[in-house]
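Residue numbers (the working numbering): 1 to 172. We put the beta carbon where it would ideally sit given N, CA and C, even for glycine. Input: a single structure, listed below in structure tokens.
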Amino acid sequence: MKTSKIALGGVCAALSVILLAIGSVITTLDISLAFTASVFIYILMLEYDGKTAFSVFAVTSALSILLLPQKSPAVMYLLFFGWYPFAKRKLEQLRNLPAWILKIVIFNISLVLYALCAKYLLLLPFELNLVLFLTLLLANVFLILYDICCTRFIVFYVNRIAPRIHKITGKK
């Protein structure tokens, strides 16, 4: 069982780095591929445990920060998409309203950290203005849509994909 966990973790980390690398080269896909790379964390959390998923998050983050020519998707993955599945799992144990408030607060802290990284580490020009404010508002709408999509993916995976995989592999 341990070898299958390591193998699946390695495959998920490799696929995540590949997705982030594509997002690094095709910059219009950076956010969507960082989002897609986080799906592997959900799969590992559902199939195995948080330790395996966290290991893949750590390896993917480190490799993508070191290897990618354009760091934006790696930073997005590191600061939000990669660890959000862990936060989502914990926060959804709370009641609905407090969970959503905490998700939005955590997301906005991640946005501020991303902005600081963009300005001081990636040396991108960054100014506070109306466009930035509107972008932050739209980003919060995106968080809600992202969270709903992740929940639907989890339900789909548990109900449709996992039973088929488990039938083939003999896992219960």
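Among the options, nearest to residue i - alpha-carbon criterion
i	options	result
alanine 115	Ile148, Ile101, Phe80 and Leu102	Phe80
isoleucine 144	Trp83, Lys88 and Phe54	Lys88
tyrosine 120	Ala139, Ser72 and Asn159	Ser72
leucine 136	Ile104, Ile161, Tyr157 and His166	Ile104
alanine 139	Val11, Arg152 and Ser32	Ser32
cysteine 12	Phe35, Phe86, Phe153 and Ile43	Ile43
isoleucine 41	Ile154, Arg164 and Pro163	Ile154
leucine 102	Thr27, Ile165 and Asp147	Asp147
alanine 14	Arg164, Ala74, Thr60 and Met45	Thr60
threonine 151	Ile6, Met76, Leu46 and Val131	Leu46
phenylalanine 86	Ser4, Ile161, Lys2 and Ala58	Ala58
glycine 192	Leu63, Ala99 and Trp100	This structure gives no information on residue 192, because the portion of the chain shown stretches from 1 to 172.
Simplified DSSP assignment, three categories, for residue i
i	result
glutamate 47	helix
lysine 71	coil
lysine 171	coil
proline 163	helix
serine 38	coil
Extent of the continuous alpha helix (DSSP H) run through residue i
i	result
tyrosine 114	96–120
tyrosine 146	130–156
leucine 78	It is not in any alpha helix (DSSP H) - leucine 78 carries neither H nor E in the DSSP assignment.
arginine 89	84–91
leucine 177	Any question about residue 177 goes unanswered here, given that the chain covers just 1 to 172.
Touch test, the segment 65–72 against the segment 13–31, Cβ-Cβ under 8 Å, three pairs minimum: Segments in contact, yes.
The segment 94–104 / the segment 36–50 touching (three or more Cβ pairs under 8 Å): Short answer: they don't touch.
Any 3 or more C-beta pairs closer than 8 Å across the segment 99–118 and the segment 152–170: They do not touch, by the three-pair rule.
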